[in-house]
Amino acid sequence: MAALPYYGSYALFQAHSKKEGAALLGADNIIGAVCEIVFNTDKSGHTSVDVYNPFGANIGKIQGKEAEDLLVCKAKGWTMHAILVCTYYSEKPEPGNYWGEIALVCFPNDDNAASFEAFTVAVAHMIGEGKRVEVDLAAKGIEQVVENNGSWLPSGRVAKLDLEPGTAVIKDHMTASESLIEMSRARNKGCLVGGWLFIILLVVGAFFLIKGLFGF
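Taking our numbering, the leading residue of the sequence shown gets 15, the next gets one more, and so forth.
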């Protein structure tokens, strides 16, 4: 982990069970969703680094070196975000399980935090489009984020995983139907206005059609 005021990496997580992992098929786990990282400690004192979706559901445990890096970020008091990149299902080992990729974006709670929050949102939007944006920034990239108030985005892309036989991609981008669901959840004013205008036009059109047919 580089001694820079920022940490970014792609990481893997695995659902706690096949039954719980099936939730990754649903609309509550949309690619590009900004998730929360939660540290759960069991009775034996073991701490797992878990990913919670925007609706508060635990969708899996982060594995590997990245889990240790996040413990360091936690000790520093940094803000930590996990962007859902891709979800998978593997038949082996039996009985099979769901897992996925996330993009980690972590930074100090200092004067530059707003720039990195904006950067996180911009990266999440691109990931939702299926673009695997590189988040492991060098010092120059970190400077670019700060200087451009989070509007700068790296041109680098992270290669797709080489999947073993028996593993399938569930989601790797936000679908059109999921986009509509997200807009509905956000109660997008433009969509609401457009929807009402469409309904009004239908009513007016129906009125004139009936008037023409029946002459009143």
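Note that beta-carbon positions come from the ideal geometry of N, C-alpha and C, so glycine has one too.
Is the Cβ-Cβ distance between residue i and residue j less than 8 Å?
i      : j      : result
Ile141 : Cys49  : no
Val147 : Arg171 : yes
Pro19  : Phe121 : yes
Val65  : Ala41  : no
Trp166 : Gln28  : no
Gly180 : Lys106 : yes
Ala25  : Glu82  : no
Ile195 : Tyr102 : no
Whose C-alpha, out of the options, is nearest the C-alpha of residue i?
i      : options                       : result
Ser193 : Gly144, Ala25, Asn163         : Gly144
Asp150 : Pro168, Ala136, Glu161        : Pro168
His187 : Ala29, Gln28, Lys33, Leu38    : Leu38
Gly78  : Ala128, Ser62, Asn162         : Ser62
Pro109 : Tyr20, Lys33, Tyr102          : Lys33
Leu85  : Gly70, Thr101, His60, Glu196  : His60
Ser129 : Glu157, Thr189, Asn111, Ala71 : Glu157
Ala71  : Ile51, Thr55, Val159          : Ile51
Just the Cα atoms here: how many angstroms apart are residue i and residue j?
i      : j      : result
Ala200 : Gly91  : 30 Å
Ser198 : Gly22  : 31 Å
Val99  : Ala89  : 26 Å
Ala47  : Pro68  : 7 Å
Ala182 : Asp125 : 42 Å
Leu206 : Ser191 : Note that Leu206 scores a pLDDT of 47, beneath 50, so its modelled location is shaky; the value from the coordinates is reported in the next line. Each residue's Cα considered, the two are about 16 Å apart.
Ile73  : Leu118 : 15 Å
Asn163 : Met94  : 18 Å
Val178 : Phe53  : Looking at the sequence shown, residue 178 is not Val but Glu. Their backbone Cα atoms lie some 30 Å apart in a straight line.
Ile44  : Leu175 : 19 Å
Ser104 : Ser31  : 12 Å
His139 : Gly35  : 24 Å
Ser58  : Cys87  : 23 Å
Ala173 : Glu131 : 24 Å
Lys154 : Glu161 : 10 Å
Residue range of the beta strand (DSSP E) that residue i falls in?
i      : result
Phe53  : 48 to 55
Leu194 : Taken as a continuous stretch (DSSP letters only), Leu194 belongs to no beta strand (DSSP E), being part of the alpha helix (DSSP H) at 190 to 200.
Ile184 : 181 to 185
Ser169 : Premise fails: Ser169 is in no beta strand (DSSP E) and is neither H nor E.
Leu118 : 111 to 121
Tyr21  : 21 to 28
Just to confirm, does residue i get its C-beta within under 7 Å of one of the non-hydrogen atoms of the ligand HEM?
i      : result
Glu157 : Although the ligand HEM was asked about, the structure shown includes no ligands whatsoever.
For residue i, report the span of its alpha helix (DSSP H) as first-last.
i      : result
Gly35  : 32 to 35
Val135 : 127 to 142
Val159 : 153 to 161
Where are the alpha helix (DSSP H) runs, 4 residues long or more, that stay fully inside the stretch 57 to 108, in chain order? 79 to 90
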